[in-house]
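For reference, the structure is listed below as structure tokens.
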Amino acid sequence: MKTHRFKNYEALSDFAAAEIAIAIKEKPSLVLCMASGHTPARTAELLVTKLQQNNIDYSRLQFFGLDEWVGLPPTNEGSCQYFFNTRLVKPLSLQASQCFFFDALSNNLPNECKKMDDAIAARGGIDIMLVGIGMNGHIGFNEPGTPTTITSHVAALDDITKEVGQKYFASPMPLDKGITIGLGHLLGAKKVFLLANGSKKASVIKQTVEGVITEKFPASIMQRHANGHVLIDEEAGALLTHRK
Ligand code: GLP
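By the count of my numbering, the sequence shown reaches residue 528 at its end, each step adding exactly one.
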């Protein structure tokens, strides 16, 4: 794992977007798995700009949404798929055949997990995974205590996740379960970027980068990834002992 520090959110987002754009240029059928949320929002915008301005062919890109709140339709503005649809699918006119999202309204969620796992396996695994980090150290909805070998699964949400998750919704939203790609996929991904910005993420970044590797703090497994990259701005890196 390597830690990359940037002076601000814009620089961090620009680096992440450039890395992905270059990877798609080198491998047009890139298997990209991305988180939604506030952190990757600017990366998504800049990725669209870079792909379009540089005439990079993304018609064969294989795009996987990392997770979803169980029970929410893609039309809900707080849903993960709403984020992907508005920031990537529509601006890039991605085809349905190249996009993979959990149907969080399905009455057969285990089958949604199986479909996701099969689709990832059929494409030879994930090339690039770009994730954020929750205030309890979760990645996607891999909550504290999740085994590191796990693939796609339905998770009972941690109280912190239910509380922090309210920020995505205009009015109070009952949040109970999430469906997510697993930590096993993260460890198997060829390259992983974990992004964090702002002072509120400083303590979770310290645990991620310098804490013990434990299932109790899922993001700590980044330390086990040989091609794992933690991208942080000055504020998110403020508590790190080893400043570079
Ligand atoms: C959410 C999502 C994650 C996301 C994380 C951080 O609950 N399940 O996929 O990466 O929490 O979100 P944000 O970037 O908004 O801080």
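Heads up, the beta-carbon is just placed ideally off N, CA and C, and yes, glycines get one too.
It should be emphasised that the depicted structure is a prediction, and the values quoted were computed from it without experimental measurement.
Following the continuous alpha helix (DSSP H) through Gly512, name the residue where it begins and the one where it ends. The residue labelled residue 512 in the question sits at position 228 within the sequence shown. Unbroken run through Gly512 is the beta strand (DSSP E), 512–517; no alpha helix (DSSP H).
Just to check, is the beta-carbon of Ala319 closer than 8 Å to a non-hydrogen atom of the ligand GLP? The residue given as residue 319 occupies position 35 in the sequence shown. Within the cutoff, so yes.
Going by DSSP, what residue range makes up the alpha helix (DSSP H) through Leu335? If you number the sequence shown from 1, residue 335 lands on position 51. Its alpha helix (DSSP H) spans residues 325–337.
Taking the alpha-carbon positions, what's the Asp387 to Glu396 distance? Position 103 of the sequence shown, counting from 1, holds the residue named residue 387. Position 112 of the sequence shown, counting from 1, holds the residue named residue 396. The straight-line gap from Cα to Cα measures roughly 7 Å.
Tell me, to the nearest whole angstrom, how far the beta carbon of Glu494 is from that of Leu524; I am working on the premise that it is less than 8 Å. The residue labelled residue 494 in the question sits at position 210 within the sequence shown. The residue labelled residue 524 in the question sits at position 240 within the sequence shown. Right, the Cβ-Cβ distance comes to about 6 Å (below 8 Å), so this counts as a contact.
Just to confirm before moving on: does the CB-CB distance between Glu447 and Pro502 stay below 9 Å? Your numbering for residue 447 matches position 163 in the sequence shown. Your numbering for residue 502 matches position 218 in the sequence shown. Taking the C-beta atoms as reference points, Pro502 is found no nearer than 9 Å to Glu447.
Would you mind working out which of Glu518, Ile516, Met506 sits nearest Met285, comparing C-alpha positions? As a first step, residue 285 is located in the sequence shown; it is residue number 1 there, counting from the start. It is Met506 whose Cα lies nearest to the Cα of Met285.
With respect to 8 Å, is the separation between the Cβ of Cys364 and the closest non-hydrogen atom of the ligand GLP below this value? By one-based count along the sequence shown, residue 364 stands at place 80. Answer for Cys364: yes, Cβ within range of the ligand GLP.
Determine the burial state of Arg371: buried for a count of at least 16 other Cβ atoms within 10 Å of its Cβ, exposed for fewer. Counting from 1 along the sequence shown, the entry for residue 371 is found at position 87. Classification of Arg371: buried, given that the 10 Å Cβ count is 16 or more.
Do you know offhand how far Val514's Cα is from Pro458's? Taking the first residue of the sequence shown as position 1, residue 514 is located at position 230. Taking the first residue of the sequence shown as position 1, residue 458 is located at position 174. Roughly 31 Å separates the two Cα atoms.
Can you tell me which of the three DSSP states Ile340 falls into? Numbered from 1 along the sequence shown, position 56 holds the residue referred to as residue 340. If DSSP states are grouped into helix, strand and coil, Ile340 belongs with coil.
Evaluate contact between the segment 436–445 and the segment 470–480, counting only Cβ atoms and requiring at least three cross-stretch pairs below 8 Å. no
Taking 8 Å as the limit between beta carbons, can you name the residues of its chain near Val315, skipping five residues before and five after? One-based indexing of the sequence shown puts residue 315 at position 31. The answer, listed in chain order, is Gln346, Phe348, Ile404, Arg407, Gly408, Gly409, Ile410, Asp411, Ile412.
With DSSP run on the structure shown, which of helix, strand or coil describes Val315? Taking the first residue of the sequence shown as 1, we reach residue 315 at position 31. Reduced to three states, the DSSP call for Val315 is strand.
Which residues does DSSP pair with Glu352 in a beta bridge? If you number the sequence shown from 1, residue 352 lands on position 68. According to DSSP, Glu352 bridges with Ile463.
Limits of the unbroken beta strand (DSSP E) element including Leu479: On the sequence shown, residue 479 is found 195 positions in, with the first residue counted as 1. From DSSP, the beta strand (DSSP E) with Leu479 extends over 475–480.
Looking only at its chain, what residues have a beta carbon closer than 7 Å to the beta carbon of Tyr452, apart from the 5 residues adjacent to it on each side? The residue given as residue 452 occupies position 168 in the sequence shown. These residues qualify, in order along the chain: Gly362.
Exposure label - Glu310; buried when at least 16 CB within 10 Å: Sequence index remark: in the sequence shown, residue 310 carries index 26 (1-based). Its Cβ having fewer than 16 others within 10 Å, Glu310 is exposed.
Who are the near neighbours of Ala522 in its chain, counting only those whose CB is closer than 7 Å to its CB and skipping five residues on each side? Position 238 of the sequence shown, counted from the first residue, corresponds to residue 522. These residues qualify, in order along the chain: Ser483, Ala486.
May I ask you to report which of helix, strand or coil DSSP gives Arg407? Here residue 407 refers to the residue found at position 123 when the sequence shown is read from its first residue. Correct three-state label for Arg407: coil.
Between which two residues does the beta strand (DSSP E) harbouring Lys286 extend? Here residue 286 refers to the residue found at position 2 when the sequence shown is read from its first residue. Lys286 -> beta strand (DSSP E) spans 286–290.
Less than 9 Å between the beta carbons of Gln379 and Ser343, yes or no? Sequence index remark: in the sequence shown, residue 379 carries index 95 (1-based). Sequence index remark: in the sequence shown, residue 343 carries index 59 (1-based). Against a cut-off of 9 Å, the Cβ pair of Ser343 and Gln379 comes out as a contact.
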